[in-house]
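Peer 1: Numbering (the numbering used here), first residue to last: 1 to 328.
Quick reminder that beta carbons are idealized off the backbone N, C-alpha and C, glycines included.
What follows is a single structure, and I will ask about it in a moment.
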(Lines of atoms letter the chains of each structure in order from A and count residues from 1; the text may use other names and numbers.)
(Lines give C-alpha, C1' and ligand atoms only; values in the text may rest on other atoms or scores of the structure.)
Protein backbone atom coordinates (compact mmCIF):
# COMPACT_ATOMS: atom_id res chain seq x y z
CA UNK A 1 0.00 0.00 0.00
CA UNK A 2 2.87 2.35 0.63
CA UNK A 3 4.30 4.27 -2.30
CA UNK A 4 7.40 6.31 -3.06
CA UNK A 5 8.83 8.87 -0.65
CA UNK A 6 7.52 12.39 -0.21
CA UNK A 7 9.71 15.15 1.09
CA UNK A 8 9.01 15.49 4.81
CA UNK A 9 7.14 12.16 4.98
CA UNK A 10 8.59 8.69 5.23
CA UNK A 11 6.31 7.56 2.43
CA UNK A 12 2.91 8.40 1.02
CA UNK A 13 -0.19 6.51 -0.01
CA UNK A 14 -1.92 6.78 -3.35
CA UNK A 15 -5.35 8.41 -3.08
CA UNK A 16 -7.14 5.37 -4.50
CA UNK A 17 -5.50 3.08 -1.94
CA UNK A 18 -6.25 5.48 0.90
CA UNK A 19 -9.91 5.62 -0.11
CA UNK A 20 -10.03 1.85 -0.42
CA UNK A 21 -8.72 1.47 3.13
CA UNK A 22 -11.15 4.07 4.47
CA UNK A 23 -14.14 2.40 2.82
CA UNK A 24 -13.05 -1.07 3.94
CA UNK A 25 -13.37 0.08 7.55
CA UNK A 26 -16.80 1.66 7.10
CA UNK A 27 -20.24 0.28 7.75
CA UNK A 28 -23.69 1.82 7.62
CA UNK A 29 -25.24 3.00 10.86
CA UNK A 30 -28.56 1.20 10.69
CA UNK A 31 -31.93 2.77 10.06
CA UNK A 32 -34.65 4.89 11.57
CA UNK A 33 -38.20 5.83 10.68
CA UNK A 34 -38.92 9.48 9.96
CA UNK A 35 -42.16 11.30 9.16
CA UNK A 36 -42.60 12.11 5.49
CA UNK A 37 -42.19 15.85 6.08
CA UNK A 38 -38.64 15.18 7.36
CA UNK A 39 -37.66 12.70 4.65
CA UNK A 40 -36.32 15.09 1.99
CA UNK A 41 -32.61 14.47 1.45
CA UNK A 42 -32.66 11.18 3.34
CA UNK A 43 -31.71 7.82 1.80
CA UNK A 44 -34.16 4.92 1.68
CA UNK A 45 -33.17 1.90 3.75
CA UNK A 46 -35.54 -0.47 1.94
CA UNK A 47 -37.48 -0.90 -1.28
CA UNK A 48 -40.93 0.67 -1.21
CA UNK A 49 -44.00 -0.92 -2.80
CA UNK A 50 -47.26 0.81 -3.56
CA UNK A 51 -50.08 -0.10 -1.15
CA UNK A 52 -52.71 0.88 -3.72
CA UNK A 53 -53.55 1.49 -7.35
CA UNK A 54 -53.04 5.04 -8.54
CA UNK A 55 -55.16 6.63 -9.64
CA UNK A 56 -57.48 4.68 -7.32
CA UNK A 57 -60.41 5.07 -9.76
CA UNK A 58 -61.06 5.97 -13.39
CA UNK A 59 -60.91 9.77 -13.54
CA UNK A 60 -61.07 12.64 -15.97
CA UNK A 61 -57.75 13.94 -17.27
CA UNK A 62 -59.29 17.25 -18.41
CA UNK A 63 -62.06 19.72 -17.70
CA UNK A 64 -65.03 18.98 -19.95
CA UNK A 65 -67.97 16.61 -20.31
CA UNK A 66 -68.12 12.90 -19.56
CA UNK A 67 -69.92 11.14 -22.39
CA UNK A 68 -70.48 7.86 -24.16
CA UNK A 69 -67.98 8.00 -27.02
CA UNK A 70 -70.53 6.55 -29.45
CA UNK A 71 -72.73 9.64 -28.90
CA UNK A 72 -70.00 11.89 -30.34
CA UNK A 73 -69.22 10.09 -33.58
CA UNK A 74 -69.24 12.35 -36.67
CA UNK A 75 -69.45 15.50 -34.51
CA UNK A 76 -67.92 18.66 -35.99
CA UNK A 77 -68.13 22.42 -35.62
CA UNK A 78 -70.48 22.65 -38.59
CA UNK A 79 -72.49 19.60 -37.54
CA UNK A 80 -72.26 19.24 -33.75
CA UNK A 81 -73.85 16.46 -31.72
CA UNK A 82 -76.17 17.85 -29.05
CA UNK A 83 -76.35 16.11 -25.65
CA UNK A 84 -78.43 16.82 -22.56
CA UNK A 85 -76.38 17.86 -19.51
CA UNK A 86 -77.40 15.80 -16.48
CA UNK A 87 -76.01 14.76 -13.11
CA UNK A 88 -75.14 11.21 -12.07
CA UNK A 89 -75.25 8.41 -14.62
CA UNK A 90 -74.44 9.02 -18.29
CA UNK A 91 -77.07 7.39 -20.48
CA UNK A 92 -77.60 7.56 -24.24
CA UNK A 93 -77.67 11.17 -25.44
CA UNK A 94 -76.53 12.47 -22.04
CA UNK A 95 -73.39 14.21 -20.73
CA UNK A 96 -72.09 15.11 -17.26
CA UNK A 97 -69.95 18.18 -16.67
CA UNK A 98 -66.68 17.12 -15.05
CA UNK A 99 -63.48 18.66 -13.70
CA UNK A 100 -59.93 17.34 -13.98
CA UNK A 101 -59.27 14.54 -11.49
CA UNK A 102 -62.92 13.82 -10.71
CA UNK A 103 -64.20 10.21 -10.90
CA UNK A 104 -65.67 9.20 -14.23
CA UNK A 105 -69.45 8.88 -13.72
CA UNK A 106 -71.19 5.55 -14.38
CA UNK A 107 -72.03 4.95 -18.02
CA UNK A 108 -69.32 7.26 -19.39
CA UNK A 109 -66.31 5.94 -21.28
CA UNK A 110 -64.69 9.17 -22.51
CA UNK A 111 -64.40 12.89 -21.81
CA UNK A 112 -64.71 15.73 -24.32
CA UNK A 113 -62.47 18.70 -23.54
CA UNK A 114 -64.43 21.85 -22.70
CA UNK A 115 -62.57 23.60 -25.54
CA UNK A 116 -64.32 21.24 -27.98
CA UNK A 117 -67.83 21.98 -26.73
CA UNK A 118 -70.39 24.78 -26.82
CA UNK A 119 -72.82 25.10 -23.91
CA UNK A 120 -76.44 25.91 -24.71
CA UNK A 121 -78.35 26.11 -21.42
CA UNK A 122 -79.14 22.55 -20.33
CA UNK A 123 -77.55 21.13 -23.44
CA UNK A 124 -74.01 20.95 -24.76
CA UNK A 125 -72.88 20.82 -28.37
CA UNK A 126 -70.00 18.42 -29.06
CA UNK A 127 -67.71 19.84 -31.75
CA UNK A 128 -65.15 17.00 -31.95
CA UNK A 129 -65.67 13.25 -31.68
CA UNK A 130 -63.84 11.16 -29.07
CA UNK A 131 -63.00 7.48 -28.89
CA UNK A 132 -63.52 5.24 -25.84
CA UNK A 133 -60.93 6.04 -23.15
CA UNK A 134 -60.14 9.49 -24.53
CA UNK A 135 -59.08 11.96 -21.82
CA UNK A 136 -59.58 9.31 -19.13
CA UNK A 137 -56.93 8.16 -16.63
CA UNK A 138 -57.79 4.59 -15.71
CA UNK A 139 -57.38 3.03 -12.29
CA UNK A 140 -53.77 1.93 -11.74
CA UNK A 141 -52.58 3.66 -14.91
CA UNK A 142 -49.68 5.35 -13.10
CA UNK A 143 -48.93 2.78 -10.37
CA UNK A 144 -50.30 -0.68 -9.68
CA UNK A 145 -50.81 -2.01 -6.16
CA UNK A 146 -47.72 -4.00 -5.13
CA UNK A 147 -45.48 -2.34 -7.72
CA UNK A 148 -42.02 -1.31 -6.54
CA UNK A 149 -41.94 2.47 -6.71
CA UNK A 150 -38.58 3.32 -5.10
CA UNK A 151 -35.44 1.27 -4.49
CA UNK A 152 -33.24 1.02 -1.43
CA UNK A 153 -30.45 3.60 -1.62
CA UNK A 154 -32.57 6.25 -3.36
CA UNK A 155 -32.07 9.77 -2.02
CA UNK A 156 -35.47 11.36 -1.53
CA UNK A 157 -36.15 14.69 -3.22
CA UNK A 158 -39.33 16.72 -3.76
CA UNK A 159 -40.58 14.43 -6.54
CA UNK A 160 -40.10 11.25 -4.50
CA UNK A 161 -41.66 12.73 -1.37
CA UNK A 162 -44.63 13.98 -3.39
CA UNK A 163 -45.16 10.55 -4.90
CA UNK A 164 -45.01 8.88 -1.48
CA UNK A 165 -47.60 11.32 -0.16
CA UNK A 166 -49.77 10.50 -3.16
CA UNK A 167 -49.54 6.80 -2.33
CA UNK A 168 -50.44 7.30 1.32
CA UNK A 169 -47.06 6.91 3.02
CA UNK A 170 -46.78 8.86 6.29
CA UNK A 171 -43.43 7.51 7.49
CA UNK A 172 -40.44 5.96 5.72
CA UNK A 173 -37.42 3.98 6.89
CA UNK A 174 -34.13 5.65 6.01
CA UNK A 175 -30.43 5.24 6.76
CA UNK A 176 -29.28 6.99 9.90
CA UNK A 177 -27.22 10.09 9.25
CA UNK A 178 -23.68 10.06 10.66
CA UNK A 179 -22.77 12.68 13.23
CA UNK A 180 -19.46 14.31 12.37
CA UNK A 181 -17.45 16.22 14.96
CA UNK A 182 -15.25 18.97 13.51
CA UNK A 183 -12.16 20.41 15.20
CA UNK A 184 -9.79 23.10 13.93
CA UNK A 185 -6.30 23.12 15.45
CA UNK A 186 -3.79 25.95 15.66
CA UNK A 187 -2.91 28.47 18.36
CA UNK A 188 -3.25 31.24 15.76
CA UNK A 189 -6.93 30.56 15.02
CA UNK A 190 -9.67 32.95 16.11
CA UNK A 191 -13.44 33.13 15.75
CA UNK A 192 -14.51 34.78 12.47
CA UNK A 193 -15.32 38.45 13.03
CA UNK A 194 -13.00 38.74 16.02
CA UNK A 195 -10.39 41.52 15.90
CA UNK A 196 -7.12 39.89 14.86
CA UNK A 197 -3.67 40.57 16.21
CA UNK A 198 -0.53 40.10 14.17
CA UNK A 199 -0.07 36.43 13.33
CA UNK A 200 -3.70 35.49 14.02
CA UNK A 201 -6.11 34.21 11.35
CA UNK A 202 -9.83 33.40 11.31
CA UNK A 203 -10.99 29.82 11.62
CA UNK A 204 -12.19 29.01 8.11
CA UNK A 205 -12.16 25.23 8.09
CA UNK A 206 -14.69 24.65 10.86
CA UNK A 207 -17.35 26.41 8.84
CA UNK A 208 -16.47 25.22 5.34
CA UNK A 209 -16.27 21.63 6.59
CA UNK A 210 -19.57 21.95 8.45
CA UNK A 211 -21.19 23.19 5.25
CA UNK A 212 -19.67 20.36 3.22
CA UNK A 213 -20.74 17.76 5.79
CA UNK A 214 -24.30 19.06 5.94
CA UNK A 215 -24.60 19.23 2.14
CA UNK A 216 -23.57 15.57 2.07
CA UNK A 217 -26.49 14.66 4.35
CA UNK A 218 -24.51 14.19 7.58
CA UNK A 219 -24.83 16.12 10.85
CA UNK A 220 -21.89 18.39 11.77
CA UNK A 221 -20.93 19.05 15.40
CA UNK A 222 -18.55 21.98 15.81
CA UNK A 223 -16.00 21.50 18.59
CA UNK A 224 -14.37 24.88 18.08
CA UNK A 225 -10.62 25.49 18.06
CA UNK A 226 -7.75 23.78 19.82
CA UNK A 227 -4.31 25.31 20.47
CA UNK A 228 -1.15 23.45 19.55
CA UNK A 229 -0.95 21.72 22.93
CA UNK A 230 -0.73 17.95 23.19
CA UNK A 231 -2.83 17.58 26.34
CA UNK A 232 -5.67 19.77 25.08
CA UNK A 233 -5.60 18.07 21.69
CA UNK A 234 -5.90 14.67 23.34
CA UNK A 235 -8.89 15.89 25.34
CA UNK A 236 -10.57 17.22 22.19
CA UNK A 237 -10.00 13.97 20.31
CA UNK A 238 -11.64 12.09 23.16
CA UNK A 239 -14.59 14.50 23.16
CA UNK A 240 -15.01 14.28 19.40
CA UNK A 241 -15.08 10.50 19.29
CA UNK A 242 -17.62 10.34 22.11
CA UNK A 243 -20.01 12.81 20.50
CA UNK A 244 -19.99 11.50 16.93
CA UNK A 245 -19.44 8.50 14.68
CA UNK A 246 -16.82 10.32 12.58
CA UNK A 247 -14.30 13.05 13.42
CA UNK A 248 -12.59 15.62 11.20
CA UNK A 249 -9.52 17.48 12.46
CA UNK A 250 -7.98 20.25 10.37
CA UNK A 251 -4.49 21.64 10.83
CA UNK A 252 -1.44 20.27 12.62
CA UNK A 253 -1.05 17.37 10.18
CA UNK A 254 2.32 18.10 8.56
CA UNK A 255 5.78 17.31 9.95
CA UNK A 256 6.67 20.50 11.84
CA UNK A 257 7.26 20.62 15.59
CA UNK A 258 3.77 22.05 16.17
CA UNK A 259 2.06 19.48 13.94
CA UNK A 260 0.90 17.26 16.77
CA UNK A 261 -2.25 15.64 15.45
CA UNK A 262 -0.87 12.45 13.81
CA UNK A 263 1.34 11.55 16.79
CA UNK A 264 -1.39 12.23 19.36
CA UNK A 265 -3.71 10.06 17.28
CA UNK A 266 -1.08 7.32 17.15
CA UNK A 267 -0.61 7.43 20.93
CA UNK A 268 -4.32 7.30 21.74
CA UNK A 269 -5.48 4.96 19.01
CA UNK A 270 -4.04 3.88 15.68
CA UNK A 271 -2.63 5.88 12.78
CA UNK A 272 -3.33 3.99 9.56
CA UNK A 273 -1.66 6.33 7.09
CA UNK A 274 -0.03 9.77 7.07
CA UNK A 275 0.64 11.46 3.73
CA UNK A 276 -1.17 10.94 0.41
CA UNK A 277 -0.19 11.82 -3.15
CA UNK A 278 -2.59 14.73 -3.44
CA UNK A 279 -1.52 18.33 -4.03
CA UNK A 280 -2.58 20.37 -2.28
CA UNK A 281 -3.58 17.97 0.45
CA UNK A 282 -0.50 15.79 0.92
CA UNK A 283 -0.37 16.11 4.75
CA UNK A 284 -3.57 14.10 5.20
CA UNK A 285 -3.76 11.35 7.79
CA UNK A 286 -6.33 8.80 8.89
CA UNK A 287 -6.71 6.66 11.97
CA UNK A 288 -9.10 5.49 14.67
CA UNK A 289 -9.73 5.85 18.36
CA UNK A 290 -11.97 3.19 19.90
CA UNK A 291 -12.96 2.18 16.38
CA UNK A 292 -14.16 5.69 15.48
CA UNK A 293 -12.64 6.98 12.21
CA UNK A 294 -10.65 10.22 12.41
CA UNK A 295 -9.67 12.16 9.30
CA UNK A 296 -6.77 14.56 9.81
CA UNK A 297 -6.95 17.22 7.11
CA UNK A 298 -4.45 19.96 6.20
CA UNK A 299 -4.94 23.40 7.72
CA UNK A 300 -4.67 25.29 4.42
CA UNK A 301 -8.35 25.76 3.44
CA UNK A 302 -8.01 24.74 -0.22
CA UNK A 303 -6.05 21.61 0.71
CA UNK A 304 -8.50 20.84 3.50
CA UNK A 305 -11.50 20.85 1.16
CA UNK A 306 -9.65 18.90 -1.51
CA UNK A 307 -8.80 16.15 0.96
CA UNK A 308 -12.40 16.20 2.16
CA UNK A 309 -13.59 15.81 -1.42
CA UNK A 310 -11.38 12.82 -2.19
CA UNK A 311 -11.64 10.92 1.10
CA UNK A 312 -14.28 12.16 3.53
CA UNK A 313 -17.24 12.79 1.26
CA UNK A 314 -17.14 9.31 -0.34
CA UNK A 315 -16.92 7.83 3.16
CA UNK A 316 -19.91 9.82 4.46
CA UNK A 317 -21.96 8.89 1.40
CA UNK A 318 -21.09 5.23 1.88
CA UNK A 319 -22.28 5.37 5.50
CA UNK A 320 -25.66 6.58 4.25
CA UNK A 321 -26.11 3.83 1.67
CA UNK A 322 -25.04 5.96 -1.31
CA UNK A 323 -22.33 5.27 -3.92
CA UNK A 324 -19.02 6.75 -2.68
CA UNK A 325 -18.78 9.49 -5.30
CA UNK A 326 -16.29 12.33 -4.97
CA UNK A 327 -17.08 16.03 -5.13
CA UNK A 328 -18.58 18.73 -2.96
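1) Quick check: the Cα distance between residue 139 and residue 61, rounded to an integer number of angstroms?
2) Going by DSSP, name the residue or residues bridged to residue 64.
3) Please classify residue 192: does DSSP put it in a helix, a strand, or coil?
4) Which ranges does the beta strand (DSSP E) cover as unbroken runs of at least 3 residues, wholly within the region 170-237, from first to last along the chain?
5) According to the neighbour-count rule (16 or more other Cβ atoms, all chains shown, within 10 Å of its Cβ), is residue 5 buried or exposed?
6) Between residue 366 and residue 36, what straight-line distance do the alpha-carbon atoms span, to the nearest angstrom?
7) Name the one or two DSSP bridge partners that residue 296 has.
8) Residue 297 and residue 248: beta carbons closer than 8 angstroms?
9) Residue range of the beta strand (DSSP E) that residue 266 falls in?
10) Report all residues from its chain with a CB closer than 8 angstroms to the CB of residue 334; omit the five preceding and five following residues, and keep chain order.
11) Look at the Cβ atom of residue 281, then the Cβ atom of residue 307, and state whether they are nearer than 8 angstroms.
12) Give a yes or no on whether the C-beta atoms belonging to residue 127 and residue 118 are separated by under 8 angstroms.
13) Under three-state DSSP, which class holds residue 32?
14) Between the C-alpha atoms of residue 322 and residue 180, what's the straight-line distance to the nearest angstrom?
15) On the criterion of 16 or more Cβ atoms from any shown chain inside 10 Å, does residue 231 qualify as buried, or is it exposed?
16) Which residues in the same chain have their Cβ closer than 6 angstroms to the Cβ of residue 220, if we skip the five residues on either side of it in sequence?
17) Grab the span of the beta strand (DSSP E) containing residue 149 for me, first residue to last.
18) Do you know whose CA, among 300, 108, 242 and 317, lies nearest residue 202's CA?
19) What residue does the alpha helix (DSSP H) around residue 85 start on, and which one ends it?
20) Please state whether DSSP places residue 43 in a helix, a strand or coil.
21) Express the C-alpha separation of residue 53 and residue 67 in angstroms, rounding to a whole number.
22) Measure the C-alpha to C-alpha separation of residue 262 and residue 285 and round it to an integer number of angstroms.
Peer 2: Working from what's here:
1) 12 angstroms
2) 98 and 113
3) coil
4) 171-175, 179-185 and 219-226
5) Per-residue confidence for residue 5 stands at a pLDDT of 37, beneath the threshold of 50, marking its modelled position as unreliable; the derived number appears in the next sentence. By the 10 Å Cβ count, residue 5 comes out exposed.
6) The question about residue 366 has no answer, for the chain in this structure spans 1 to 328.
7) 249 and 285
8) yes
9) Here residue 266 belongs to no beta strand (DSSP E); instead the alpha helix (DSSP H) covers 261-268.
10) With the chain represented from 1 up to 328, any question about residue 334 goes unanswered, as that position is not in the structure.
11) yes
12) yes
13) strand
14) 17 angstroms
15) exposed
16) 180, 182, 210, 213 and 214
17) 148-150
18) 300
19) Unbroken run through residue 85 is the beta strand (DSSP E), 81-85; no alpha helix (DSSP H).
20) strand
21) 24 angstroms
22) 7 angstroms
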